[in-house]
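Here the structure comes first, spelled out in structure tokens, and everything after it is commentary.
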């Protein structure tokens, strides 16, 4: 075997054969083609059993034809094949923007060709087509393998079984594509040399011909590398800045001592990767409550209010800004001052500080969609202020989800105004199925001037919900305006 290798080495030197031909002749075409395809098949079985590709996330839908927004027709399929193939070459020969590297969101990935990408893509096409015609050459198995695997993955994508369009999911094609592109560049230079020889009548073996080829190489390839290198440098610079800011954001997360933390699904995955010990509560220096569900629809609005009502300060890390969930964000702004903290794109960090310590601002009592009504309760539609009209003995209430420990005092307050004057009762009570408990009705005479009325009670039992209730006298109705209702725990 050693002698044989030496003979090959001599032949290589004497005949100018390259190493790729030796490898192709030794491994044989069936082996070269069969093993990678077998590995691909086994890999697909593995991927189908994982949620990443078997049940892709929404951002990968454009890489699956049945899940994409393209029309399900012959024209749509043709458009999918053309555009995703362009995306594939863009991802092989182009430079990713730093934002795309971090976010991996298809809407941030715009497949546009520049000169460098177009030249390398054309070189790949030329190298592949010419290799397919050279059936006796070592290039043929490589080109055949690449075409077969591209066709296989494209077919799987058309039936919704595998993503096609980004080399990240086709890494087994990266090296063959680069090899074929290199062969295409060599073919182009060889053709340029032949053409120059025909036009000038200069022998290809003479020094002047070799000098011309060298100059052609410099004219074509050096600007190409400069162009792509400049893009790569700018992208690398952005990535370095991004990673630096991301490290600062992680330090801020670790240093924060808020009693609660809100994150979503993507943020939890990220933190488990970047800070593997972070979510292990037994290693914390202080108690912390974590909410790992998505705000919507994984958490109901009642669960969200209950969570917010348990904390003075909350740290929030979200892949999507919480403002995208307006109902949930409104509940936050009622109770907290939201301060955005320095961070990076896609990982939005903010700190929430309670406006009034453990105070839950309730919706206006005039809002019939949020306050529960008992008896004859209606709105004075002729009044510009939408006054409440409570029939004799009628009442309305609003509750919050709080875990009230025995001994906790709760103060309910509301601003009342009535013209003509009237009597209104205010009480603080438990809400739900726990044993009845609460303050007596506090009756006040209110007039045209706004009056802040409070009712307080120190609970002796544990409760999960507390309510503020407004009453009309048993013997008469009450017409009044009510605003700025709230419940507050006294620590």
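In our numbering, the protein residues as written are 9 to 499. Cβ atoms here follow ideal geometry from the backbone N, Cα and C, with glycine treated the same way.
Per-residue DSSP class, three states only, for residue i
{"i": "residue 96", "result": "helix"}
{"i": "residue 312", "result": "helix"}
{"i": "residue 420", "result": "strand"}
{"i": "residue 162", "result": "helix"}
{"i": "residue 457", "result": "coil"}
{"i": "residue 495", "result": "strand"}
{"i": "residue 338", "result": "helix"}
{"i": "residue 167", "result": "coil"}
{"i": "residue 463", "result": "strand"}
{"i": "residue 353", "result": "coil"}
{"i": "residue 66", "result": "helix"}
{"i": "residue 412", "result": "strand"}
{"i": "residue 432", "result": "strand"}
{"i": "residue 307", "result": "coil"}
{"i": "residue 135", "result": "helix"}
{"i": "residue 327", "result": "coil"}
{"i": "residue 277", "result": "helix"}
{"i": "residue 248", "result": "helix"}
{"i": "residue 192", "result": "helix"}
{"i": "residue 198", "result": "helix"}
{"i": "residue 179", "result": "helix"}
{"i": "residue 172", "result": "coil"}
{"i": "residue 241", "result": "helix"}
{"i": "residue 284", "result": "coil"}
{"i": "residue 129", "result": "helix"}
{"i": "residue 83", "result": "helix"}
{"i": "residue 74", "result": "helix"}
Own chain residues within Cβ distance below 6 Å of residue i, not counting five before or after
{"i": "residue 266", "result": "321, 322 and 323"}
{"i": "residue 379", "result": "373, 404 and 406"}
{"i": "residue 78", "result": "84, 87 and 88"}
{"i": "residue 427", "result": "456"}
{"i": "residue 105", "result": "Confidence in residue 105 is poor, its pLDDT being 45 and thus under 50, which makes the residue's placement unreliable; the coordinate value appears in the next sentence. Counting only Cβ-Cβ distances below 6 Å, and skipping sequence neighbours, we find nothing."}
{"i": "residue 162", "result": "172"}
Bridge-paired residues (DSSP) for residue i
{"i": "residue 426", "result": "Its beta-bridge partners do not exist; DSSP assigns none."}
{"i": "residue 437", "result": "446 and 475"}
{"i": "residue 490", "result": "424"}
{"i": "residue 381", "result": "404"}
{"i": "residue 348", "result": "358"}
{"i": "residue 398", "result": "385 and 486"}
{"i": "residue 451", "result": "433"}
Nearest residue (CA-CA) to residue i, options the options
{"i": "residue 452", "options": "478, 441 and 467", "result": "478"}
{"i": "residue 4", "options": "490, 195 and 351", "result": "The requested residue 4 does not occur in the structure, where the chain is confined to residues 9 to 499."}
{"i": "residue 128", "options": "97, 177 and 143", "result": "97"}
{"i": "residue 395", "options": "430, 413, 412 and 415", "result": "430"}
{"i": "residue 454", "options": "279, 486, 435 and 463", "result": "486"}
{"i": "residue 126", "options": "312, 99, 138 and 139", "result": "99"}
{"i": "residue 335", "options": "313, 450 and 464", "result": "313"}
{"i": "residue 484", "options": "397, 492, 466 and 498", "result": "397"}
{"i": "residue 467", "options": "482, 497 and 492", "result": "497"}
{"i": "residue 441", "options": "67, 409, 450 and 356", "result": "409"}
{"i": "residue 173", "options": "80, 476, 91 and 319", "result": "91"}
{"i": "residue 389", "options": "340, 241 and 488", "result": "488"}
{"i": "residue 356", "options": "329, 246, 67 and 260", "result": "329"}
{"i": "residue 354", "options": "439, 462 and 251", "result": "251"}
7 Å Cβ shell around residue i - same chain, five flanking residues per side excluded
{"i": "residue 196", "result": "131 and 134"}
{"i": "residue 402", "result": "382, 383, 384, 385 and 480"}
{"i": "residue 69", "result": "75 and 76"}
{"i": "residue 282", "result": "258"}
{"i": "residue 85", "result": "73 and 166"}
{"i": "residue 141", "result": "none"}
{"i": "residue 158", "result": "181"}
{"i": "residue 256", "result": "350"}
Beta-carbon contacts of residue i that lie in its chain and below 8 Å, excluding the five residues immediately before and after
{"i": "residue 347", "result": "358, 359, 360 and 361"}
{"i": "residue 253", "result": "350, 351 and 352"}
{"i": "residue 331", "result": "337"}
{"i": "residue 136", "result": "151, 154, 155, 188 and 192"}
{"i": "residue 482", "result": "400 and 401"}
{"i": "residue 138", "result": "147, 191, 192 and 195"}
{"i": "residue 309", "result": "335, 336 and 339"}
Any non-hydrogen atom of the ligand GTP within 7 Å of residue i CB
{"i": "residue 395", "result": "The model on display carries no ligand, and the ligand GTP is accordingly not part of it."}
Legend entry - Inter-stretch contact at 8 Å, needing at least 3 Cβ pairs: the stretch 138-152 / the stretch 164-179: no
Legend entry - Stretch-stretch touch, CB-based, cutoff 8 Å, three pairs: the stretch 418-435 with the stretch 313-331: no
Inset, instruction - Please determine if the stretch 460-475 and the stretch 433-445 are in contact, where contact requires at least 3 C-beta pairs separated by less than 8 Å. - result: yes
Legend entry - Cβ contact check for the stretch 454-468 and the stretch 420-436: 3 or more pairs under 8 Å: yes
Legend entry - Stretch-stretch touch, CB-based, cutoff 8 Å, three pairs: the stretch 128-140 with the stretch 188-198: yes
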